[in-house]
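The sequence shown maps to residues 392 to 605 in this note's numbering.
Step one of this worksheet: look at the structure below.
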Amino acid sequence: MTREEVIQAFNAIRVWQNGDRRAVHKPLLVLLALSRVNDVNPQTMDWNDAEPLLKALLEEFGPDGSSNTRHYPFWHLQTDGIWQLDAPTAILSRPAGATPTLTELRQNHVRGGFIAPVYGALKADLELVAIVAQRIVDAHFPESIRADVLDAVGLAQVETMGAPNDPQRRRDPAFRAKVLLAYQYRCAVCGHDLRMGQQSIGLEADISSGFKPR
């Protein structure tokens, strides 16, 4: 596949949407799989390895309760033409809407990953990995958390590719956690609680207001 064909394939991924709300299951799984292309990993991953990572990502960046359906994208991404599964015939022969249960995925060690043409193109062009990852976060996540999403899936380097000499773009991935832990998830200036569910919010706004730790 050409670079443009790969980009178009990822642009065409279908996600559930209702008004301004959209499911982030597929985007997070795609980003997780993209992060593996940058490493010496096999083309596919066992659901038992992917599950805890995807569950944590959905709890951090998805709507409440979204981790309960964490296995959906592992199965349904096949219908977008970029994903393949390695599983027993009894599972693969099911209709697209017959999602396997968590137990079935675990016990059968079902593996999933990008189809060979997509994986080959990404493996041969790591800049393409960065381009696709950036497009995914731009399309499916608010600007305020895009850097955090990339950090969380192991693609923090995508942030710096466009401005490698900008020190602000090379923030320590642990910076947010260190600051929030130090101040018990409250703003050091106004005492505002910086958590919304499992996710921290408002850190940069308060830091940029002029507060300097002593």
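All residues carry an ideal CB built from backbone N, CA and C; glycine is no exception.
For clarity, every value in this text was computed on a predicted model and none was experimentally measured.
Problem - Assigned secondary structure, Gln475 (DSSP; H/G/I helix, E/B strand, else coil) - result: Here the question's residue 475 lines up with position 84 in the sequence shown. It is a strand residue.
Problem - Burial state of Trp474, where buried means 16 or more other Cβ atoms lie within 10 Å - result: The count along the sequence shown starts at 1 and reaches residue 474 at position 83. Looking at its Cβ environment, which holds 16 or more other Cβ atoms inside 10 Å, Trp474 is buried.
Handout entry: Nearest candidate by alpha-carbon position, reference His500, set Gly511, Asp529, Ala441
Key = Taking the sequence shown and counting its residues from 1, the one referred to as residue 500 is at position 109. Looking at the Cα atoms, Ala441 is the closest of the given residues.
Problem - Contact set for Leu468: own chain, Cβ-Cβ below 7 Å, skip 5 residues either direction - result: Looking up residue 468 in the sequence shown gives position 77. Taken in chain order, the residues that qualify are Lys417, Leu420, Trp474.
Exercise for the section: Would you list the residues sitting across from Met436 in a DSSP beta bridge? Expected result: Mapped onto the sequence shown, residue 436 falls at position 45. DSSP lists Gly503 as partners of Met436.
Problem - Of the residues Thr492, Phe452, Gly456, the one placed nearest Pro368, counting alpha carbons only - result: What is shown of the chain runs 392 to 605, which leaves residue 368 out entirely.
Handout entry: Backbone secondary structure at Arg485 - three-state DSSP
Key = To locate residue 485, count along the sequence shown from 1; it is residue 94. Here Arg485 sits in coil by DSSP.
Practice task
Give the secondary structure of Arg427 by DSSP, where H, G and I count as helix, E and B as strand, and everything else as coil.
Solution key: To locate residue 427, count along the sequence shown from 1; it is residue 36. It is helical.
Handout entry: Nearest neighbour of Thr435, chosen from Tyr510, Thr460, Asp516 [CA to CA]
Key = Within the sequence shown, the letter at position 44 stands for residue 435. The shortest C-alpha separation from Thr435 is found at Tyr510.
Practice task
Could you give the DSSP three-state label for Arg394: helix, strand or coil?
Solution key: In the sequence shown, the residue the question calls residue 394 occupies position 3. Arg394: helix per DSSP, three-state reduction.
Practice task
Could you check which residue in Asp471, Leu493, Arg502 has the C-alpha nearest to that of Ala487?
Solution key: Taking the first residue of the sequence shown as 1, we reach residue 487 at position 96. Here the closest residue by C-alpha is Asp471.
Problem - Cβ neighbour criterion (16 or more within 10 Å) applied to Arg461 - result: Here the question's residue 461 lines up with position 70 in the sequence shown. Arg461 should be labelled buried.
Practice task
Put Phe566 into one of helix, strand or coil per three-state DSSP.
Solution key: Position 175 of the sequence shown, counted from the first residue, corresponds to residue 566. Any reading at Phe566 must be qualified, since the residue scores a pLDDT of 49, below 50, and its modelled position is unreliable; the value itself is stated next. Here Phe566 sits in helix by DSSP.
Exercise for the section: Verify whether the separation of the beta carbon atoms of Asn439 and Arg394 is less than 8 Å. Expected result: Along the sequence shown, one-based indexing puts residue 439 at 48. Along the sequence shown, one-based indexing puts residue 394 at 3. In this structure, Arg394 does not lie closer than 8 Å to Asn439 by Cβ.
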